[in-house]
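**Student:**
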Amino acid sequence: MRNRIIDILKNTSGISDWRVLSTRTESTELFFVHKDLETVRSTDTTDIKVSVYVAHDGALGEATFSVYASFGDEQIKEEIEKAKKKANIIANQPYSLPENEQGEYVSASNFANYKPHELASLISNACFEADNVENGSINALEIFVYKDIIKVTNSRGIDKSQVKYRAMVEAIPTFNGAESVELYEQYNFTEFDRKLVVEEIAKKMREVKDRYEAKPPVAKLSCPVILDAPELEQLIGNYVGELGFGALYQHSNSFSVGDDMQKNSCGDRLTVTMCGEVTGSVRSSAFDSDGVTLVDRKIIENGKAVALWGGTRYAQYLGQVATGNLGCISVECGTLTNVEKTSKPYFRCASMSGLQVEIRNDYIGGEVRLGYYFDGEREIPVTGISISGKLSTALANMRLSNEAITYESYNGPKCAIFEGIEIV
Amino acid sequence: MSFSSFLNSRRESCRALVNELGKKYAYVGILGSDVKSSAIRVNRQVSDIGEGGAAECGFVVKMHNGRAFFEYSIDDISGDISALAQKIIDAVKVEESLVEREISVNVPADEPMVKSFSRECDFDSFSDEELLAKCVEIRDAILSKSDKLLNAMVAVMPFTVSKLFISKNRELDQFYSWVNVMAVGVYRDGEKMVMAREGTYSNLMGEALGEMPSHIDALVNKCQKLANAKPIVPGVYDVITDPSISGLIAHEAFGHGVEMDQFVKDRALAKYYVGDYVASPICNMHDGAAATFSTASYFFDDDGVLAHDTQIIKDGILVAGISDLVSATELGTEPTGNGRRQSYKRKAYSRMTNTFFCPGKDKLEDMIASIKHGYMLFETNNGMEDPKNWQIQCTAEYGIEIVDGKLTDNYVSPVVMSGSVPELLKSISMVSDDFKIIGAGSCGKGYKEWVRVSDGGPALKVRVKLA
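Residue numbers (the working numbering), protein chains in the order written: chain A, 1 to 424; chain B, 425 to 891.
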């Protein structure tokens, strides 16, 4: 199909450039209700997106459409003609497509060593192996094993492909007693290691037991707040989004290069690099949807924005060099040692409904489903509370752990401790 | 515009595949989906005509072997049907060790029905040029209102849905449309930059586009107010919710909690409270594709079950949940037409559609007048469910302080509402006599499986924790 489309595009007059982006996805999926296998799914689908570019009147127009498996040559030609017409009424600042790069990439993974059904079964077995807490259970478990083949080809000599493997576990660890409580677990990985899967689910099983035992604090807690890697990924993800070429070009950014993002800081200052790859992350990639080779870029150094990042179009509009649309974040560790962390009381958010980060409203907060209050000696599980504070104050006082961890698309401090966030 | 000619061309192949797979499976149903979606976007710097995120074309085959369910998603059904059937059978085979784990539930009912459904759509009356020109006109009108507007973004996002369902005894097809028009202002006042949005929506382009200009002043005014909004002092307050926030509460507090696939997994406390008071006696709540008319008003769901109007809470008592085919089969209940997929590539789950509280008898002005000190909350930002533990987190874009029974000019933003679901619902003390559905929402289950939903209702007076 791709070759047919490309042949037709090459023989179409009136277009300046074209791009064909395809993703074939094969999946094997298992859905358990308690320990019973309720549904088995398998998919074999291909998305093909075709973009056509038309230079006209000193401007550039583009339009994108999908080509489906059922399309014959005539239908493809019709869709190209429609897209040409659309591109002719769009008049944007011109930019060039990336040129003359070819490559075939295979993401690091051991998934190819297994048949998909076998791997899905092994992952489910590993999850159930961790389901050994007395009065605990996994009430629902979903296993997804994917293989993606991504190809991008354009009229300027870009021709790249990448094979990626990824798996996702969605598990609902539950603890049953006088009441029943649960936590939510989503775990993505690209390398199967039975022991790591067991450890990950076992950790959540311990936490759900803690949630069962957790109580609202008898008195208002007043102490520093600790956020772990999942929340740090969200927090820092909000900041890096402000430093994209597109955000700056469209005036929707709150920060720009040279700005101090941690004014009046008396804690650790952020140093953040946007990356194409973080080992084990399902968001790692060799190139973006335009075929631009991903190049890591340090965008925040010692709390100051030092560079922008993003794809080729908006990079060109701003006269900068594109990094490609990077999907991963690397954050330098800080100075907070474990000894220092445990030298005084703190409140650690272990499971949140969702961290709310509002840069424009200078707000950070959210409901904490499971937290731990460290009283100077031990962590006591706490529930039924929220956190709320000024983002600028939290960042100014932030101390970053000196231990690194990789979580999803984030590699950086294992946790951070914040002053000035209220626990309510 | 009308039902997909592509899906029509595959009817015979689908019937043949149902027959072929029916030799092995006790139940076979095929859903074909052809969704055409586009997005026309303009802002101060760039404009684009692209494909909308909902666009898709393909099939999902659902089977039941007398014990468990099996599904296969594929781009096309054509050619050698016997070979395709064998490919599907091979693809959904499980490891030997898992066979004994297969659940044992009854074969779904497959009541005979042949029907076509279609709703009026005027999208063909608007060319791309006209839509682009309208977006530019709205953008320019917004930008002309204030020098402090850094940018204005306007988008028109229409989609048409054609779905075909074929099983041994059923053949259904439906065609309907929806369009969302969105305008966003980016506004800077001194150091502070804010964004505000306004949306219109309809099954008819003419309606949705025609209404947007009347929202421009409200959008710019909101930008100005939000630029001066302060953080709220955390605490428990008397609160009036606008229809958007009422809908968010309906959706997050009880909507997710009565999705009956959660009952099957013992993931919803609501399972044990059917027949009990869970809310104030003046509280009534519905869900259903046929319950009102909005973005989730399809004719049949992704399991081939006709749209319902399900009353969930009646006079404060929990009376019913909402289900997809699989969960209803497992529970031995009638499915309620709530089986929805993000796309043909994804599994169907029990999902909300149009979810809302019913209007009451109070006047909004009386509700505001009844509050000594509190807030009126506006516009959904996001929410998160916790049906097992009946906790709730809902975020409003902004609130306006009420002092001595009057709305002030003091804006707070954002406002996060959290607490216990029964406490919140039982605290409902007044319900306004007006009603509005917001047809621009989307909803995930957990953190995935996004589908279009609407929610809304009247204004509610509640007592809740704000932060």
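Glycine included, each C-beta is placed from N, C-alpha and C at the ideal position.
To be precise: take each residue of the stretch 663-687 of chain B, compare its Cβ to all Cβ atoms of chain A, and keep it if any distance is under 9 Å. Which residues remain?
**Tutor:** Per Cβ criterion, the list reads 685, 686.
**Student:** Under three-state DSSP, which class holds residue 805/B?
**Tutor:** Residue mapping note: residue 805/B aligns to position 381 of the second sequence, counting from 1. In this structure, residue 805/B counts as strand in the three-state DSSP scheme.
**Student:** Residue 498/B touches chain A at which residues, Cβ-Cβ below 8 Å?
**Tutor:** Reading the second sequence from its first residue, position 74 is the one you call residue 498/B. Near residue 498/B (Cβ distances below 8 Å), the residues of chain A are 43, 44, 45.
**Student:** Which residues share a DSSP beta bridge with residue 144/A?
**Tutor:** Residue mapping note: residue 144/A aligns to position 144 of the first sequence, counting from 1. Looking at the DSSP assignment, residue 144/A forms a beta bridge with 29/A, 168/A.
**Student:** With a threshold of 7 Å between beta carbons, is residue 819/B in contact with chain D?
**Tutor:** The structure shown has no chain D; the protein chains it does contain are A and B.
**Student:** Within 10 angstroms of its Cβ, does residue 778/B collect 16 or more other Cβ (buried), or is it exposed?
**Tutor:** On the second sequence, position 354 is the one that residue 778/B refers to. Buried, by the Cβ-count rule.
**Student:** Looking at the structure shown, is residue 689/B part of a helix, part of a strand, or coil, going by DSSP?
**Tutor:** Your numbering for residue 689/B matches position 265 in the second sequence. Three-state result, residue 689/B: coil.
**Student:** Quick check on DSSP: helix, strand or coil for residue 328/A?
**Tutor:** Locating residue 328/A in the first sequence gives position 328, counting from the first residue. Looking at residue 328/A - three-state DSSP - the assignment turns out to be strand.
**Student:** Going by beta-carbon coordinates alone, are residue 52/A and residue 84/A separated by less than 7 Å?
**Tutor:** Within the first sequence, numbered from 1, the residue matching residue 52/A stands at position 52. Within the first sequence, numbered from 1, the residue matching residue 84/A stands at position 84. Contact: yes.
**Student:** Just mark residue 771/B as buried or exposed, buried being the case when its beta carbon has 16 or more other beta carbons within 10 Å.
**Tutor:** For the purposes of this step, residue 771/B is taken as residue 347 along the second sequence, with counting starting at 1. Residue 771/B should be labelled buried.
**Student:** For the alpha helix (DSSP H) containing residue 789/B, list its first residue and its last residue.
**Tutor:** By one-based count along the second sequence, residue 789/B stands at place 365. That run of the alpha helix (DSSP H) goes 788-793.
**Student:** Who are the near neighbours of residue 321/A in its chain, counting only those whose CB is closer than 7 Å to its CB and skipping five residues on each side?
**Tutor:** Locating residue 321/A in the first sequence gives position 321, where the first residue counts as 1. Correct list, in chain order: 315.
**Student:** Taking only runs of the beta strand (DSSP E) that begin and end inside the stretch 463-542 of chain B, which ones reach a length of at least 3 residues, in chain order?
**Tutor:** Within the stretch 463-542 of chain B, the complete beta strand (DSSP E) runs of at least 3 residues are 471-475, 480-488, 493-498, 537-542.
**Student:** With a threshold of 7 Å between beta-carbons, can residue 117/A be considered close to chain B, or not?
**Tutor:** The residue you call residue 117/A lines up with position 117 of the first sequence. At least one chain B Cβ lies under 7 Å of residue 117/A.
**Student:** Quick one: Cα of residue 550/B to Cα of residue 580/B, how far?
**Tutor:** Counting from one through the second sequence, the residue named residue 550/B turns up at place 126. Counting from one through the second sequence, the residue named residue 580/B turns up at place 156. Cα-Cα distance, rounded: 12 Å.
**Student:** With respect to the alpha helix (DSSP H) encompassing residue 73/A, which residues constitute its N-terminal and C-terminal limits?
**Tutor:** Your numbering for residue 73/A matches position 73 in the first sequence. Residue 73/A -> alpha helix (DSSP H) spans 73-89.
**Student:** Do residue 457/B and residue 722/B have their CB atoms nearer than 7 Å?
**Tutor:** Looking up residue 457/B in the second sequence gives position 33. Looking up residue 722/B in the second sequence gives position 298. Not closer than 7 Å, so no.
**Student:** Per DSSP, which residues does residue 602/B bridge with? Please list them.
**Tutor:** Along the second sequence, one-based indexing puts residue 602/B at 178. BP columns for residue 602/B point to 583/B.
**Student:** Would you tell me roughly how many angstroms separate the C-alpha atoms of residue 728/B and residue 717/B, rounded to the nearest one?
**Tutor:** As a position in the second sequence, residue 728/B is number 304, starting the count at 1. As a position in the second sequence, residue 717/B is number 293, starting the count at 1. Roughly 19 Å separates the two Cα atoms.
**Student:** Where DSSP assigns a beta bridge to residue 886/B, which residues make up the other side?
**Tutor:** Residue mapping note: residue 886/B aligns to position 462 of the second sequence, counting from 1. Answer is 663/B, bridged to residue 886/B.
**Student:** For the stretch 216-233 of chain A, which residues have a beta carbon sitting closer than 9 Å to at least one beta carbon of chain B?
**Tutor:** Within the stretch 216-233 of chain A, no residue has a Cβ that lies closer than 9 Å to any Cβ of chain B.
**Student:** Given a cut-off of 7 Å on the beta-carbon distance, is the pair residue 29/A and residue 144/A in contact?
**Tutor:** Position 29 of the first sequence, counted from the first residue, corresponds to residue 29/A. Position 144 of the first sequence, counted from the first residue, corresponds to residue 144/A. For residue 29/A and residue 144/A, yes; Cβs fall inside 7 Å.
**Student:** Rounded to whole angstroms, what is the Cα-Cα separation between residue 774/B and residue 339/A?
**Tutor:** Position 350 of the second sequence, counted from the start, is the residue given in the question as residue 774/B. Position 339 of the first sequence, counted from the start, is the residue given in the question as residue 339/A. Using only the alpha carbons, I get a separation of about 48 Å.
**Student:** Could you check the C-alpha separation between residue 248/A and residue 345/A for me, to the nearest Å?
**Tutor:** As a first step, residue 248/A is located in the first sequence; it is residue number 248 there, counting from the start. As a first step, residue 345/A is located in the first sequence; it is residue number 345 there, counting from the start. Cα-Cα distance, rounded: 41 Å.
**Student:** For residue 519/B, decide whether its Cβ has a neighbour in chain A, counting only Cβ atoms nearer than 7 Å.
**Tutor:** Position 95 of the second sequence, counting from 1, holds the residue named residue 519/B. Yes, residue 519/B counts as interfacial toward chain A.
**Student:** Here's the rule I'm using: 16 or more other beta-carbon atoms within 10 Å means buried, otherwise exposed. How should residue 760/B be labelled?
**Tutor:** The count along the second sequence starts at 1 and reaches residue 760/B at position 336. So residue 760/B counts as buried.
**Student:** My output table needs one value for residue 316/A: the three-state DSSP class, helix, strand or coil.
**Tutor:** Walking along the first sequence from the start, residue 316/A turns up at place 316. The answer is helix: DSSP assigns residue 316/A an H, G or I state.
**Student:** For residue 360/A, would you say it is in contact with chain B, using Cβ-to-Cβ distances shorter than 7 Å as the test?
**Tutor:** In the first sequence, the residue the question calls residue 360/A occupies position 360. Yes, residue 360/A lies at the interface with chain B (some Cβ there is under 7 Å from its Cβ).
**Student:** Residues of chain A with CB under 7 Å from residue 815/B, in chain order?
**Tutor:** In the second sequence, the residue the question calls residue 815/B occupies position 391. Here the neighbours are 367, 369.
**Student:** Quick one: Cα of residue 189/A to Cα of residue 27/A, how far?
**Tutor:** As a first step, residue 189/A is located in the first sequence; it is residue number 189 there, counting from the start. As a first step, residue 27/A is located in the first sequence; it is residue number 27 there, counting from the start. Roughly 15 Å between the two C-alpha positions.
**Student:** Which residues bound the beta strand (DSSP E) around residue 189/A?
**Tutor:** If you number the first sequence from 1, residue 189/A lands on position 189. Segment 185-189, the beta strand (DSSP E) holding residue 189/A.
**Student:** List the residues that DSSP assigns as beta-bridge partners of residue 415/A.
**Tutor:** In the first sequence, counting from the first residue as 1, residue 415/A sits at position 415. BP columns for residue 415/A point to 228/A.
**Student:** Which whole-angstrom value is the C-beta distance of residue 231/A and residue 359/A, which I expect to be below 8 Å?
**Tutor:** Numbered from 1 along the first sequence, position 231 holds the residue referred to as residue 231/A. Numbered from 1 along the first sequence, position 359 holds the residue referred to as residue 359/A. No, residue 231/A and residue 359/A are not in contact; Cβ-Cβ is about 15 Å, not under 8 Å.
**Student:** Just to make sure I have the definition right: I need the residues of chain A whose C-beta is within less than 7 Å of the C-beta of residue 835/B. Which are they?
**Tutor:** Along the second sequence, read from residue 1 onward, the residue named residue 835/B stands at position 411. Result: empty, since nearest Cβ-Cβ is about 11 Å, beyond 7 Å.
**Student:** Classify residue 711/B as helix, strand or coil using the three-state DSSP reduction.
**Tutor:** Indexing the second sequence from 1 puts residue 711/B at position 287. Three-state DSSP puts residue 711/B in a strand.
**Student:** Which residue's Cα is closest to the Cα of residue 95/A: 148/A, 357/A, 33/A, 311/A?
**Tutor:** By 1-based counting over the first sequence, the position of residue 95/A is 95. Among 148/A, 357/A, 33/A, 311/A, the Cα nearest to that of residue 95/A is on 311/A.
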